[in-house]
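Take a look at the structure below.
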Amino acid sequence: MKNIKYLFGFILLVITTGCSDFLEESPRSVLSEEELITPDNIDGFVTAAYASLGNDHYDIPFSLWPYGNVRSDDAYKGGSGPNDIQVFHFFEISENIRTDFGELDKFWFNSYIAISRINRAIRNLNKISASDFPLKETRIAEMKFLRGHFYFMLKIMFKYIPYITEDIAIEDYGTISNRDLTNDELWDAIAGDFQAATEGLPVSQQNIGRASRTAAYAYLAKVRLYQAFEQDDDNKVTNINPAKLQMVIDATNNVLGQGSLEPDFANNFLPGDYENGSESIFAIQYTDSDNTLHGRLNFSDVLSTPQGLGCCDFHKPSQNLVNAYKTDANGLPLFNTYNDANVDYNNLNSVKVDPRLYHTVAIPNLPYKYDNDFIYVEGWVRSPNPYGYYASLKENVSPNCGSCFVNIDPFYGNSKNRIQIRYADVLLMRAEALIELGQFNDALPIINQIRNRASQSTGFIGYANNLNVSPYINGVNCTWTQDFARQALRWERRLEFAMEGSRFFDLVRWGIAAETLNKYYLEEKDEVEYYSGAKFDSAREEYCPIPQAQINFSKDVYKQNKGY
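So the sequence shown is numbered by my numbering: it starts at 2 and just counts up by one.
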């Protein structure tokens, strides 16, 4: 005991007498950040920022599947039951959404870690001359594109967020409130990053995966479209701003012709040679061979592998979504009656459907991901009650894809890229802006491009015998008014981008989230018991709460969203 006492005394003596000199010593054999700011090393900061695109996890997914799909009428949570990642179940039923959810806190934290890397890269790029590093301006533009991307995700998730750039000193971060900028000013700030990116980026990049000018204009159009639907403090859409809609048109002008629709819808969701195709405007790049243990896999969507192939059967298409693909005798959607009767997967030929159903939803007794070696069966489903027998296809791969299907026990991940913005999105954003500007006749051929591509997307689904989708023909199979065009556009977005993480955010943007979801809950509760207690509260649940942990860390500089 005496020896221990003497040891503590010695430590205390060292601390009190030698602390100052010791802490002032520079670590040996360690490079400082300033020493790394050289033409040879500067790209390392940029690479670290790009790496943030994949620095997520299955419970903090940047694919936004719990918030864009499960929170909407497109998907059930899945898994073993409501208690399996219960937080996502609460979003599914719009109940018990709390400020202390760790999943939201980690999403916020990971997003701002990414933004911190981006700001560091910009600061360091500004310390080096263009003559020493000719790609300086291009790399800065890439970083502003990435910063816009992360801020866009935070904005649609939380509405009010602190906006921090490379010009703000690290010691001042704690003074930046999430209410320093208004809702509209935040949209302008995010648009500013994409606008700056358009001015510094080439039309295309030599390295696959880098941001391009085309991608920046596409993202700029998306930001301006969201901004055009102006909201009050209760998240109610009070106006659709025509000037912002015109900005959507102007931005998409710079994307038209720089990409094209894939000849088959399926091509967008297949690995290998199909990746980075003509429709991929910007994609998150994954790989199974980056010299790490499992490779740079898509951890966002690792849980959606059906139980019959691995784990864990989350992210399940809803019956309502499946029903939405039904068409009438003219090959048009059943806007008002689609959900009167359920599609029966044991009797598919009793209804006509849009081909995109078979590319989006895995259906029992049919090939899984177009592969006849793997027939999807009811036995693959983990929890048919309450989640039914469908599975999500777009983010998944066939086990026959080779090394792109990876066992990361107990999960199975894949290295297929995830497209963040497709050319189809650009076309439909443009069509939406035209419709809201009253130029709905100009939107008709754009929407029909998407529908015509859908009708041709049959090469991988020869087993489907009940296909019927047609373009809209004014005066023949429809009367193309502004109201009808708006309904057709919104339906097209649902069918085209189902299970890609955008449905809920579209509903909020249009101001119809409460109306749509409460109707959905009412219709679903007889088949899915847990919807009997579901209720979407407008003026509150359009956005997630600001994580209480972040408010605490900010010492109440951040302000909570209304209603939480």
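All C-beta atoms, glycine included, are put in the ideal place defined by N, C-alpha and C.
Since the structure is predicted, the reported quantities are computational estimates derived from the model, not experimental observations.
Under a Cβ-count criterion, where at least 16 other Cβ atoms within 10 Å of its own Cβ denotes burial, should arginine 99 be classed as buried or exposed?
Taking the sequence shown and counting its residues from 1, one reaches residue 99 at position 98. So arginine 99 counts as exposed.
Tell me the residue span of the beta strand (DSSP E) that contains leucine 367.
In the sequence shown, the residue the question calls residue 367 occupies position 366. Per DSSP, leucine 367 belongs to the beta strand (DSSP E) from 367 to 369.
Going by beta carbon distance, what residues of the same chain come within less than 7 Å of leucine 221, once the five residues before and after it are set aside?
As a first step, residue 221 is located in the sequence shown; it is residue number 220 there, counting from the start. Result list for leucine 221: Ala192, Phe195, Gln196, Thr199 and Ala252, in chain order.
Tell me the rounded alpha-carbon separation between serine 279 and leucine 262.
Within the sequence shown, numbered from 1, the residue matching residue 279 stands at position 278. Within the sequence shown, numbered from 1, the residue matching residue 262 stands at position 261. The alpha-carbon atoms of serine 279 and leucine 262 are separated by roughly 7 Å.
From which residue to which residue does the alpha helix (DSSP H) around alanine 550 run?
Reading the sequence shown from its first residue, position 549 is the one you call residue 550. Where alanine 550 is concerned, the enclosing alpha helix (DSSP H) starts and stops at 549 to 554.
Use the C-beta contact count for methionine 248: other C-beta atoms within 10 angstroms, 16 or more gives buried, fewer gives exposed.
As a position in the sequence shown, residue 248 is number 247, starting the count at 1. Counting Cβ neighbours within 10 Å, methionine 248 comes out buried, since at least 16 surround it.
Simplified DSSP assignment, three categories, for valine 204:
As a working note, residue 204 is residue 203 in the sequence shown. Three-state result, valine 204: coil.
When we look at the beta-carbon of aspartate 426 and count the other beta-carbons within 10 Å, is it buried (16 or more) or exposed?
As a working note, residue 426 is residue 425 in the sequence shown. Only buried fits aspartate 426, as 16 or more other CB atoms lie within 10 angstroms of its CB.
Does the stretch 535 to 553 come close enough to the stretch 101 to 119 to have 3 or more Cβ pairs within less than 8 Å?
Flag = yes, the stretch 535 to 553 and the stretch 101 to 119 touch.
Tell me the start and end of each unbroken alpha helix (DSSP H) in the stretch 224 to 254 that is at least 4 residues and wholly inside, in chain order.
Taken in chain order, the complete alpha helix (DSSP H) segments of 4 or more residues contained in the stretch 224 to 254 are 243 to 254.
Under a three-way DSSP split, which group does proline 446 fall into?
What you label residue 446 is simply residue 445 of the sequence shown in a count that begins at 1. Proline 446: helix per DSSP, three-state reduction.
Which runs of the alpha helix (DSSP H) spanning at least 4 residues fall entirely within the stretch 33 to 77, listed in chain order?
DSSP runs (the alpha helix (DSSP H)) wholly in the stretch 33 to 77: 34 to 37 and 44 to 52.
Suppose only complete runs of 4+ residues qualify. What are the alpha helix (DSSP H) ranges in the stretch 491 to 528, listed by chain order?
504 to 511 and 514 to 525, all fully within the stretch 491 to 528.
Could you give the residue range of the alpha helix (DSSP H) that holds valine 407?
Reading the sequence shown from its first residue, position 406 is the one you call residue 407. That residue, valine 407, is in no alpha helix (DSSP H); its beta strand (DSSP E) goes 406 to 409.
Taking only runs that begin and end inside the stretch 342 to 379, name each unbroken alpha helix (DSSP H) of 4 or more residues, in chain order.
Restricting attention to alpha helix (DSSP H) runs no shorter than 4 residues, the stretch 342 to 379 encloses them at 357 to 361, ordered along the chain.
If we call anything under 8 Å between Cβ atoms a contact, is alanine 219 one with methionine 144?
Looking up residue 219 in the sequence shown gives position 218. Looking up residue 144 in the sequence shown gives position 143. No, these two residues do not count as a Cβ contact at 8 Å.
Roughly how many angstroms lie between the CA atoms of methionine 500 and serine 33, to the nearest whole one?
In the sequence shown, counting from the first residue as 1, residue 500 sits at position 499. In the sequence shown, counting from the first residue as 1, residue 33 sits at position 32. Approximately 44 Å between the Cα atoms of the pair.
Could you tell me the distance, in whole angstroms, from the CA atom of tyrosine 521 to the CA atom of leucine 147?
Taking the first residue of the sequence shown as 1, we reach residue 521 at position 520. Taking the first residue of the sequence shown as 1, we reach residue 147 at position 146. Computed Cα separation, rounded: 35 Å.
Could you tell me the alpha carbon to alpha carbon distance between proline 385 and histidine 316, rounded to whole angstroms?
Counted from its first residue, the sequence shown places residue 385 at position 384. Counted from its first residue, the sequence shown places residue 316 at position 315. For proline 385 and histidine 316, the gap between their C-alpha atoms comes out near 13 Å.
Nearest-angstrom Cα separation, counted from glutamine 87 out to cysteine 405
Here residue 405 refers to the residue found at position 404 of the sequence shown. Here residue 87 refers to the residue found at position 86 of the sequence shown. Those two C-alpha atoms are separated by around 30 Å.
Compute the beta-carbon to beta-carbon distance between alanine 142 and leucine 202, rounded to the nearest angstrom, for a pair I have assumed lies under 8 Å.
For the purposes of this step, residue 142 is identified with residue 141 of the sequence shown, where counting begins at 1. For the purposes of this step, residue 202 is identified with residue 201 of the sequence shown, where counting begins at 1. Between leucine 202 and alanine 142 the Cβ distance is about 5 Å, and since that is below 8 Å, they are a contact.
Where does cysteine 402 sit, in a helix, a strand or coil, going by DSSP?
Counting from one through the sequence shown, the residue named residue 402 turns up at place 401. The answer is helix: DSSP assigns cysteine 402 an H, G or I state.
Cβ shell of tyrosine 77 (< 6 Å), same chain only, five flanking positions each side left out
Mapped onto the sequence shown, residue 77 falls at position 76. Cβ contact annotation for tyrosine 77 (same chain, cutoff 6 Å, sequence separation greater than five): Lys317, Ser319 and Tyr388, in chain order.
Cutting at 6 Å between CB atoms, please list the residues of its own chain near tyrosine 152, excluding the five before and the five after it.
One-based indexing of the sequence shown puts residue 152 at position 151. Contacts found: Ile191.
Kindly confirm or deny that the stretch 522 to 529 and the stretch 453 to 472 touch, where touching means at least three C-beta pairs closer than 8 Å.
Cβ pair count under 8 Å is below three, so no.
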